[in-house]
Amino acid sequence: MRADMAKLTRHYKGTRTDVDRHGNRRWYTLDPTGRKVRMREEPGSDAWVREWESIRSGVHIADDRVPIGTMARLIVDYMASPEWAALAKSTKANRRRILDKVRASAGDLAARSITPADIRAGRNARQDTPAAANVHMKVLSALFSWGQEHGHVDHNPVRGVKRLAMRSGGFHTWTADECLQFEAAHPVGTRARAAYALALYTGSRLSDVARLGPADVSADGIRLTQQKTGSQGTVPMLGELRDALEALDMTGLQTFLVTQYGRPFTAKGLGNWFADRCREAGLPNECRMHGLRKAIAARLAEAGATTEEIMAVTLHMSESEVRTYVREADQKRLARNAMGKLKRPT
């Protein structure tokens, strides 16, 4: 029970526990005002998690404690909405961290008074970390879009404010040489090779790779369900992936990838474990599992796949990121064709 208590208090922010004078364990979590609220459901159960989310979002707080029209009220109502409930757990956790900070710094401001200039000022204040600045704007845009749809505000001040240019381009895309180097260090038959093949040949995010198992394999390929977006699809299984998986001993296991204790990885645990395998292969520090998702998109683009074809594999919801790979592949092809016209006649 002690391990479970430590896990719950670590993973569910604001959670507290104590024992009353009768020896009964009690659980609490802090609401957006900082008040400690008693939890009644079985600790760790789905109902307990829903109760924690409800308290953390402030659903129980009386209206007069969060004035109508304020940013705080907009955030509270958004977190109590069906649209919020439908978000993936990881998405809610990331958005909650940002919205908690917004509420602490600007919760008393009128939501309708927020202007594009305010959003631009917040973006510029985070210019040293452009990725974080852009995520902050994305979350605010989702908040105001929801508010506009439901009549809380009459405009979305984030629209029209440009995102900051990304200096690093996000996660590093693995090169062909880096892929060959990893394959040489981790041959077929190792779980490292299986993890690599799953990430590369399904184009899945790390959190989805961690959940894949034999039950996801069908005659048509491997069935994918994205935890982040809920998107579903089936991707044909290439021989490289099939060979890597068939070489594993899956006796009694529900997922392809497990810890040294035979338990399924968490997303964070898998990321750390895979980073160690990359270091064993002598790869640079920027080589991470998510870079393999980008690598397969780049390979497909260079092979002439369309934006729609790449999205059918990676299950991207937006065309914008995928178009980047297609544009880069087209640039390389056009450059080769152009320079070929300068070749001396033989």
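This note's numbering puts the first residue of the sequence shown at 6, with every later residue one more than the last. Glycine included, C-beta positions come from ideal geometry on N, C-alpha and C.
Check: Segment limits, beta strand (DSSP E) that includes Val24; Outcome: Thr20 to Val24
Check: Residue closest to Ile124, alpha-carbon to alpha-carbon, out of Thr134, Asn161 and His157; Outcome: Asn161
Check: Residue interval of the beta strand (DSSP E) (run including Lys41); Outcome: Lys41 to Met44
Check: Distance between Ala138 and Asn129 (C-alpha atoms, nearest Å); Outcome: 8 Å
Check: Option nearest Gln231 by Cα separation, candidates Arg293, Ser209 and Val144; Outcome: Ser209
Check: Close Cβ partners of Ala334 (< 6 Å) along its chain, the five nearest in sequence each way excluded; Outcome: Ala306 and Glu307
Check: CA-to-CA distance, Ala77 to Leu35, given in whole angstroms; Outcome: 16 Å
Check: In chain order, each alpha helix (DSSP H) run of at least 4 residues that lies wholly inside the stretch 293–332; Outcome: 295–307 and 312–319
Check: Exposure label - Met84; buried when at least 16 CB within 10 Å; Outcome: buried
Check: Arg198, enclosing alpha helix (DSSP H) - first and last residue; Outcome: Arg196 to Thr207
Check: Which of helix, strand or coil DSSP assigns to Trp32; Outcome: strand
Check: CB of Tyr33 within 9 Å of CB of Val42, strictly; Outcome: yes
Check: Any 3 or more C-beta pairs closer than 8 Å across the stretch 286–302 and the stretch 178–188; Outcome: yes
Check: Cβ separation of Gly74 and Ala111, assumed to be a contact under 8 Å, to the nearest whole Å; Outcome: About 13 Å separates the two Cβ atoms, so there is no contact after all.
Check: Span of the alpha helix (DSSP H), counted from its first residue to its last, around Thr2; Outcome: Residue 2 is absent from the model: the chain starts at 6 and stops at 351.
Check: DSSP bridge partner residues for Gly238 (one or two, in chain order); Outcome: Leu229
Check: Proximity winner among Glu313, Trp179 and Met344, relative to Asp295 (alpha-carbon distances); Outcome: According to the sequence as given, residue 295 is His; it is not Asp. Residue Trp179 is the option with its Cα nearest to His295.
Check: Gly165 versus Leu145, Gly152, His157 and Phe176, residue with shortest Cα-Cα distance; Outcome: Leu145
Check: Closest residue to Phe270 among Leu229, Ala249, Gly309 and Leu211 (Cα-Cα distance); Outcome: Leu211
Check: Residue from Thr134, Phe149, Trp151 and Gly194 with nearest C-alpha to Leu169; Outcome: Thr134
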